[in-house]
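**Q** From first to last, the protein sequence lines stand for chains A and B. FYI, the numbering for the first sequence is 1 to 258, going by this note's numbering. FYI, the numbering for the second sequence is 1001 to 1174, going by this note's numbering. For every residue, glycine included, the Cβ atom is placed at its ideal position computed from N, Cα and C. Mind having a look at this structure? Questions to follow.
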Amino acid sequence: MPIRPVTRPSALAAATARSLARLGAFRAALILALASGALGAALAGVDLGRPRRLTDNTLLASQTLLLHAAAWLLAYQLTRDDRRLGLALLSAPLGPTGHLAGRFLGLCLTLAGLLLVLLAMDGVLLILLGGAPVWPVLAQLGLAALSAALAAALALLLMQVLPPAGGLLLAVLAWAAGHGLDEALVLAREQGGPVLIVAVEAAYRLLPNFSFFDVGVAAAGGASPWRWLFPLPYAPGYAALLILLAGRLARRRPFPER
Amino acid sequence: MVRRSAPWLAAAFLALAALLAPPPQPASGTPAATDPLWLRAASGPFRPLAADRLWLRAARRGEGTGTPAGPALLRRLRAVMALDPAFRPALRYAATYYATVAGDLSAAHALCDEALRFRPGAAYPYVLKAVLELGYAPAPDRAAIRRWLDRARTNGARAPWLEHLRHRLAEQAP
């Protein structure tokens, strides 16, 4: 990527999104998205005449994995480029935090494009299949995209303090652990003492909690509206926090690593 | 100014998120030795698909074998309910199987209780418990049935036949 001074994070975001869309990783993600749609269409034959469950769950699982894998790979690519060229430190007049924020926004724009493709494909497929309502599947997919964006922000943060590969691995583990926080809290309340309950409760509420993004298609009808709405401000707010922190850490990196 | 206020904004955001975060599904009852909570934690966002796979394996083992259902099958079905407590067809078939074919009503109730453990606001498991108790218990516990039907109604079940059943049980109460 050529080093050109940019004055606004939005311009950097647009440039980043364009460059990411040309990457092989993004093209591979698009191909996999279409493949998951084909898999859903194949499973639709299994679900015909029955409650539409296998198609919904397979589509959601494969596309959740796809969105997160794409987010992590794109974050890894951004960090490697920045490290190789020292872009975060040569980012005047933006500064490292503005630079990272712009890059992250560009990553989110790229993910949004991928999400739109998935939503359109799933919507058409599920409407043609008929049966159960389509909106819970599309809404859960939207939440999965928010989760992927937050996971990418976490990866960008961890890759500021660790080598890119190590930071990425730790980010994946943190995402997996984040999904188990609700179970940890249930277990602590059932079997733990007061100190453990307070500690796990604090972790549940303060650490990046990816279980907030799982509503479940079958449970959609019984889930409270707040369960759907809370992730909408939570993901961007927490991602902004992580990017701010990443920007602070980026200032302290030595110039540049080769 | 943004740089100076960023830590305060971050702290305010975290405080707000901590206050407004939706709670996890509250659990009730004593967890068994092989608690499917670990399975839930391990499967993360892929719980419904894991529930599908376990259900398909359990259904293949259960049907047409001619052998009584063993503890392994019940553990697998409990895991299905823990992974996806809204998986209504699995709950209906499995609980009915235990109440009828296997002749083990307590296992049928255990499956409904597992679903309620992770979705205490659901109505269907309470309805199923009441129907199975009324239909297959040698001496149905009518007080428990009335309690379950009341909980089902509180949780949103409004079918006319349920209302009729509630009223009949209330009339017959001592």
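1) Identify, in the order they occur along the chain, each residue of the same chain with its Cβ nearer than 6 Å to the Cβ of A151/A, setting aside the five sequence neighbours on each side.
2) Between which two residues does the alpha helix (DSSP H) carrying S147/A extend?
3) How long is the line joining the alpha carbons of L245/A and G237/A, rounded to whole angstroms?
4) Would you call the stretch 155-169 of chain A and the stretch 57-67 of chain A in contact, with 3 or more CB pairs under 8 Å?
5) Scan the stretch 169-182 of chain A for residues whose Cβ lies nearer than 7 Å to a Cβ of chain B and list them as they occur along the chain.
6) Can you list, in chain order, the residues of its chain whose CB lies under 6 Å from that of A11/A, leaving out five sequence neighbours each side?
7) For the alpha helix (DSSP H) that contains R52/A, what are its first and last residues?
8) For R103/A, decide whether its Cβ has a neighbour in chain B, counting only Cβ atoms nearer than 7 Å.
9) Contact defined as beta carbons within less than 8 Å: I believe F210/A pairs with G178/A. What is the distance between those atoms, to the nearest angstrom?
10) Rounded to whole angstroms, what is the Cα-Cα separation between G106/A and A1107/B?
11) What is the C-beta distance between G180/A and A1041/B, in whole angstroms, given that I count them as a contact (C-beta under 8 Å)?
12) Please confirm whether L168/A and A41/A have their CB atoms less than 7 Å apart.
13) Does the count of Cβ pairs from the stretch 203-217 of chain A and the stretch 106-117 of chain A closer than 8 Å reach three?
14) Do L118/A and A33/A have their C-beta atoms within less than 7 Å of each other?
15) Do you know offhand how far Y1098/B's Cα is from A1110/B's?
16) For G37/A, does the count of other Cβ atoms within 10 angstroms reach 16, so buried, or fall short, so exposed?
17) Would the beta-carbon of L173/A fall within 7 Å of that of L1037/B?
18) Buried or exposed for R1117/B, please, with buried defined as at least 16 other CB atoms from any protein chain shown within 10 angstroms of its CB.
19) What does the alpha-carbon distance come out to for the pair L1134/B and A219/A?
20) By Cβ distance, which residues of its chain are closer than 6 Å to L170/A, with the 5 residues on each side in sequence left out?
21) Spatial neighbours of R248/A within its chain, please: C-beta separation below 6 Å, excluding the five flanking residues on both sides.
22) How long is the line joining the alpha carbons of A1017/B and A184/A, rounded to whole angstroms?
**A** To lay it out plainly:
1) H68, A71 and W175
2) W135 to V161
3) 13 Å
4) no
5) A176, H179, G180 and D182
6) none
7) Unbroken run through R52/A: none, as it is neither H nor E.
8) no
9) 4 Å
10) 53 Å
11) 3 Å
12) no
13) no
14) yes
15) 10 Å
16) buried
17) no
18) buried
19) 27 Å
20) L158
21) none
22) 19 Å
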